[in-house]
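Visitor: Structure below; questions to follow.
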Amino acid sequence: MPHATARLQLHAGYTFEDARACVDYYADLGVSHLYLSPITCARPGSTHGYDVIDHGAVNPELGGECALRDLARAARRRGLGLIADIVPNHMAAHPANAWWRDVLEHGAASAHARCFDIDWDAPDPALRGKVLLPILPDSYGVSLAQGAMALRYDADAGRIELEVSGQRYPLAPESLARGQDPQALLRRCDPARAAGRERLHRLLESQHYRLAWWRCAADQINWRRFFEISELVGVRVEDEAVFNAVHALPLRLYAEGLLDGLRIDHIDGLAAPGAYLRRLNRCLAEAGARRPPSCAQSQAYLVAEKILAPDEAPDARWQLHGTTGYDFMDQVGALLHDPQAEAPLRAFWQMLTGDLRTPPRQLEAARTRMLQRHFPAERLALVRCLERLARQDRRTRDWSAPAMDRVLSAWLAAFPVYRTYAEDGGRSDADRHHCEAAAQRAAALLHALPGTADAALLAQMDRWLGGSPADPATAPLPQSEPNAAQALRRFQQLTPPLAAKALEDTLFYRYGPLLSRNEVGASPQRFALSPEAFHALVEARARDFPHAMLATATHDHKRGEDARARLAVVSEMPQAWRKTAYRWTHALPDAGLLTLADRYLLVQTLIGAWPADWDADIIEQRPESVAAWIERVAQWQLKALREAKLHTSWTDPDPAYEAAGLGALEFLRDAAPGRRLLAEIAAYALELAPAGMNNSLAQTLLRNTLPGVPDLYQGTELWDYSLVDPDNRRAVDYPPRIAMLARTRASAAVRASATDWRSGAVKQALIQRLLAARQRHPALFGQGECVPLAVTGTHAQHVVAWLRRHEEEHALIVAPRLCALRLSGYARGEPRAARDFWADTALCLPDAIKGLSWRDAMGGEKARSGSGGALPLSELLHELPVALWLPAAA
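Residue numbering for the sequence shown follows the UniProt record's numbering, beginning at 1 and increasing consecutively.
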């Protein structure tokens with residue numbers, strides 16, 4: 001199993017060769033595996049790799065398979081392995097995708113038609129036997145009249161194609177007369193003439209696809225998309241032949257010893273995640289038996305991207321090592337927020353917005369909007385499945401589609417988790433619990449009292465979607481689905497995109513008492529976690545998924561881990577923050593449009609994202625640097641406003657409202673009063689920065705020492721104040737990191753000087769020391785118990801501490817909580833002032849280890865427990881706000 005991973009985002013600007021140049025750096029930092037973004041052939045120019053066009057080839061833009069082999073060899077020489085992100089759920093709906101192109105050319109007769117989730121028997125006669133292609137810039141008639149579609153002849157390929165918006169699409173062979181002169185056909189179908197447009201229209205109507213305005217996708221789409229993205233088409237990986245084609249490359253690379261593990265993207269999008277994992281594990285075991293002896297390992301490391309609700313755990317039936325760590329990112333963040341701040345911050349938000357609804361009610365509103373405006377085609381397809389199911393039984397045939405739609409919509413609006421897994425032998429206990437909760441809330445939304453028609457239909461719907469109790473170990477994957485199985489599949493593949501788009505990409509941009517709690521994997525209903533609740537989650541992970549990833553930053557995060565840590569400090573001073581934030585929010589110009597809520601979200605973003613190594617005077621001294629930073633904030637703002645879907649959106653942008661938002665940023669950049677306001681905001685951010693750094697080091701310590709596999713997102717070994725993608729995927733500046741690490745490794749101790757803190761070197765040094773300890777004690781950190789330790793004294797409530805133990809090995813983990821402001825002296829180069837805060841606070845050791853002497857893994861200092869086995873916090877946290885202590889002889 002890996003003991004630590006480093007996630008790298010690959011693209012044409014950062015290739016396998018570039019990653020190979022960083023192998024020594026990551027090896028010296030202490031990771032065991034490089035964790036690569038998708039390596040398969042993606043859409044040309046892709047910056048993320050999730051828009052796959054060929055599952056069977058390594059992306060040539062990354063350097064191709066030869067360069068991957070070079071990277072694997074270089075990594076192996078330094079003792080590192082490779083983990084790859086795979087994308088079984090979807091591909092790019094793009095003509096460069098040979099499978100998709102073949103379907104567009106040959107329709108249902110295509111050899112690849114089975115690869116995609118397409119409804120060839122759509123209720124709309126115009127779509128029967130066709131694929132909706134929502135790619136036109138305007139309505140079909142307008143696009144035709146404006147010449148947006150035109151025939152082109154590819155002389156090299158010897159074929160006539162359709163060009164739309166710069167892309168070439170195939171034509172059905174049977175729609176073209178044999179032996180026809182291509183140039184003559186192009187003249188006859190010239191859209192510049194009325195007769196040509198009419199002939200072109202007739203030709204287009206004879207294709208296996210129906211061209212449509214891009215805005216029609218939500219209402220008419222007849223194939224499964226990734227979320228609501230019409231550029232990504234769902235793949236039927238539940239089909240054995242499709243599974244084999246999608247996984248042939250990663251299985252071969254694993255068999256050859258180039259890969260050591262896989263990360264499964266969006267497992268909740270699959271028709272049958274449990275069956276998929278069983279099949280994948282069988283294939284990996286067979287491939288593993290063929291690995292070279294030098295790369296032998298008992299099993300592949302296997303994790304899945306899975307968003308968990310606060311009371312949810314991965315399905316116990318799944319065969320994998322755990323999730324990719326969004327759950328830990330939420331939990332450790334919640335631990336660092338003061339629960340006493342939730343009420344005043346929420347009241348402040350309600351004052352700014354006038355919206356007194358609770359977060360669950362606001363989430364229901366967001367889910368309802370998504371169902372009505374963004375997923376109507378998917379919702380109505382599910383209704384049709386249920387209608388067919390109802391017609392099979394005399395007792396249910398009277399239920400109408402409108403009634404089913406009404407009841408289903410209420411149930412979906414109230415659904416509390418991403419999905420159920422009832423296809424895998426029926427509902428689990430957790431599935432039943434979540435479905436019962438959804439049914440109860442749906443009944444309330446419908447005012448469906450017991451005995452009413454809606455209550456009866458709700459109960460019937462619950463039975464229809466309950467799944468089969470068949471043995472999942474022996475049940476084959478269906479080649480053709482009966483109505484009940486198809487309804488269940490459609491339901492379980494609708495709830496994940498609905499949950500993600502309603503919460504992560506809607507509510508988290510329109511609800512913001514404190515943005516540090518608006519993150520992927522988080523819930524607006526959980527503002528903070530007590531140490532006891534946090535430890536219960538640590539204990540559950542250690543018991544059930546001890547090798548799950550632990551992340552605090554990802555390629556999907558809304559804001560950088562250190563921006564969140566800085567904003568978390570606000571929870572220690574909510575009343576003072578409210579006064580200051582209120583003044584700034586009203587000082588920003590609104591152009592008569594920009595709401596107080598959006599101005600407050602901007603203020604929080606400016607505070608969280610201000611670079612730690614910039615003084616406020618940079619605003620006048622280096623305006624070009626500040627302008628570039630404001631441009632990054634402007635990109636965040638545009639995305640935030642559109643994702644909120646309150647005053648503008650991606651589908652219906654409001655230029656005036658967006659201009660008002662940009663105007664507020666231009667005021668801060670260009671106007672003298674605005675620059676003074678920005679300087680004041682920057683000064684405040686710098687006042688919070690030392691406390692934020694304390695929080696950052698606390699979450700860094702816990703990520704790297706608690707049960708699980710710590711995952712480092714590229715570049716976040718220094719302070720990370722990034723914003724939502726694509727900002728969080730910017731290039732990493734490696735030369736200064738390499739130089740800093742060399743100095744750290746040459747030093748006997750982590751020095752907490754002010755310069756080191758502002759540059760981020762202290763964070764990098766902490767990571768290096770922690771990972772070195774994991775390397776020296778793999779069994780202790782990989783298998784050891786994690787026992788919470790008691791703390792006594794004046795500030796006992798401000799410490800969390802654990803004992804890791806395995807056989808004769810031990811380690812003490814100590815981190816502060818909810819006192820970051822009072823420990824600012826550490827980051828300001830005044831550790832004595834910070835140490836004084838701890839006063840009589842001390843760590844209590846179990847009897848078995850009371851007599852041990854301890855060594856600080858950060859710098860070699862030694863300590864010995866006093867009378868009663870107590871270790872003073874002022875001694876344990878001498879130079880840093882966090883500590884990992886090992887027995888002195890270790």
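Virtual Cβ for every residue (Gly too), placed ideally from N, Cα, C. Remember, predicted model here, so these are calculated numbers, not experimental data.
1. Any contact of the stretch 563-570 with the stretch 604-612, i.e. 3+ C-beta pairs under 8 Å?
2. Given a cut-off of 7 Å on the beta-carbon distance, is the pair ASP315 and TYR421 in contact?
3. Given that a residue counts as buried once 16 or more other Cβ atoms are within 10 Å of its Cβ, and exposed if not, what is PRO710?
4. Throw me the rounded Cβ distance for the GLY322 and PHE545 pair, which I believe falls under 8 Å.
5. At the 7 Å Cβ level, is ARG566 part of the contact set with chain C, yes or no?
6. Give the range of the beta strand (DSSP E) segment to which ILE813 is assigned.
7. Look at GLU61 and ALA12 and say whether their C-beta atoms are less than 7 Å apart.
8. Tell me whether the stretch 92-105 and the stretch 41-52 touch, counting them as touching only if at least three CB pairs, one residue from each stretch, are closer than 8 Å.
9. Pick out whichever of GLN768, ARG730, ASP720 and GLY234 has its Cα sitting closest to the Cα of ALA742.
10. With contact counted as at least three CB pairs below 8 Å, one residue from each stretch, are the stretch 324-341 and the stretch 301-315 in contact?
11. Can you tell which of LEU871, ARG855, ALA772 and ASP856 has its C-alpha closest to the C-alpha of TYR26?
12. My output table needs one value for PHE16: the three-state DSSP class, helix, strand or coil.
13. Taking DSSP's pairing of strands, which residues face PRO134 in a bridge?
14. If you pair each beta-carbon of the stretch 65-80 with each one of the stretch 116-134, do three or more pairs fall below 8 Å?
15. Tell me the residue span of the beta strand (DSSP E) that contains ILE53.
16. Need the endpoints of the alpha helix (DSSP H) that SER143 sits in, please.
17. Return the CA-CA distance between LEU363 and LEU641, expressed in angstroms with no decimal places.
18. So does the stretch 808-816 actually touch the stretch 879-890, counting three or more Cβ pairs closer than 8 Å?
19. May I ask which residues mark the beginning and end of the beta strand (DSSP E) holding GLN167?
20. Can you pull the DSSP bridge partners for HIS11?
21. Once DSSP output is grouped into helix, strand and coil, what is the label at SER625?
22. Here's the rule: buried if 16 or more other CB atoms are within 10 angstroms of the residue's CB, otherwise exposed. What is CYS66?
23. Report, in whole angstroms, the separation of the C-beta atoms of VAL407 and LEU352, which I expect to be a contact under 8 Å.
24. Could you check which residue in TYR209, ALA300, LEU144 and GLY512 has the C-alpha nearest to that of TYR169?
25. Checking 7 Å against the spacing of the C-beta atoms, do ARG599 and ILE630 come in under that value?
26. Please list the segments of the alpha helix (DSSP H) lying wholly inside the stretch 525-552, counting only runs of 4 or more residues, in order along the chain.
27. Would you call LYS558 buried or exposed, if buried means 16 or more other Cβ atoms sit within 10 Å of its Cβ?
28. Leaving out five residues on either side along the sequence, give the residues of the same chain with a beta carbon under 6 Å from the beta carbon of THR648.
29. Which residues bound the alpha helix (DSSP H) around ASP454?
30. In the DSSP assignment, find the unbroken alpha helix (DSSP H) run with GLY429 in it and report its ends.
31. Which residues in the same chain as ALA752 place their Cβ atom closer than 8 Å to its Cβ, once the five residues preceding and following it in sequence are excluded?
32. Within the stretch 225-290, note down every full alpha helix (DSSP H) run reaching 4 residues or more, in order along the chain.
33. With distances taken from CA atoms, which of ASP720, MET370 and ALA410 is nearest THR554?
34. Assuming ALA334 and LEU529 form a contact by the criterion Cβ under 8 Å, report the distance between their Cβ atoms to the nearest whole angstrom.
35. Kindly give me the distance between the Cβ atoms of ALA616 and ALA682, rounded to whole angstroms, as I take these residues to be in contact under 8 Å.
36. Buried or exposed: which applies to ASP652, given that a residue is buried once 16 or more other Cβ atoms fall within 10 Å of its Cβ?
Guide: This is what the structure gives:
1. Output reads yes: the stretch 604-612 touches the stretch 563-570.
2. Yes, Cβ-Cβ distance for ASP315 and TYR421 is below 7 Å.
3. Buried, since its Cβ has 16 or more Cβ neighbours within 10 Å.
4. Indeed, because the Cβ distance is near 3 Å, the residues count as touching under 8 Å.
5. Reference to chain C is not applicable here, since this structure consists of a single protein chain.
6. Per DSSP, ILE813 belongs to the beta strand (DSSP E) from 809-816.
7. Yes, the Cβ-Cβ distance between GLU61 and ALA12 is below 7 Å.
8. The stretch 92-105 vs the stretch 41-52: in contact.
9. The alpha carbon of ALA742 has as its nearest neighbour, out of GLN768, ARG730, ASP720 and GLY234, the alpha carbon of GLN768.
10. A contact exists between the stretch 324-341 and the stretch 301-315.
11. The shortest Cα separation from TYR26 among LEU871, ARG855, ALA772 and ASP856 belongs to ALA772.
12. Correct three-state label for PHE16: helix.
13. DSSP lists ALA212 as partners of PRO134.
14. The stretch 65-80 makes no contact with the stretch 116-134, as fewer than three CB pairs between them are under 8 Å.
15. Run containing ILE53: 52-58, per the beta strand (DSSP E) assignment.
16. Element bounds for SER143: 140-145.
17. One C-alpha to the other measures close to 17 Å.
18. A contact exists between the stretch 808-816 and the stretch 879-890.
19. Per DSSP, GLN167 belongs to the beta strand (DSSP E) from 167-169.
20. In DSSP, HIS11 forms a bridge with TYR14.
21. Residue state for SER625 is assigned as helix, using DSSP reduced to three classes.
22. It counts as exposed.
23. Rounded to the nearest angstrom, the Cβ distance from VAL407 to LEU352 is 36 Å, too far for a contact under 8 Å.
24. If we check each option's Cα against that of TYR169, TYR209 comes out closest.
25. Taking 7 Å as the Cβ cut-off, ARG599 and ILE630 do not qualify as a contacting pair.
26. Correct list: 531-544.
27. The residue in question, LYS558, is buried, as its Cβ has 16 or more Cβ neighbours within 10 Å.
28. For THR648, the CB contacts under 6 Å within the same chain, skipping 5 residues up- and downstream, are LEU641, ARG642, ASP654, TYR657 and GLU658 in chain order.
29. Where ASP454 is concerned, the enclosing alpha helix (DSSP H) stretches over 453-464.
30. Here residue 429 is Asp; the residue named in the question, Gly, does not match the sequence. Note, ASP429: alpha helix (DSSP H), 429-446.
31. Low local confidence applies: a pLDDT of 49 at ALA752 is under 50, so the model's placement there is unreliable, with the coordinate-based value given in what follows. In its chain, beyond the 5 residues on either side, VAL762, TYR826, ALA827, GLY829, PRO831, GLU879 and LEU880 have a beta carbon closer than 8 Å to the beta carbon of ALA752.
32. Within the stretch 225-290, the complete alpha helix (DSSP H) runs of at least 4 residues are 240-255 and 273-288.
33. Selection ASP720, MET370 and ALA410 evaluated against THR554 yields ASP720 as nearest (Cα-Cα).
34. Rounded to the nearest angstrom, the Cβ distance from ALA334 to LEU529 is 4 Å, consistent with a contact under 8 Å.
35. With a Cβ gap of about 4 Å, ALA616 and ALA682 count as contacting.
36. It is exposed - the Cβ of ASP652 has fewer than 16 other Cβ atoms within 10 Å.
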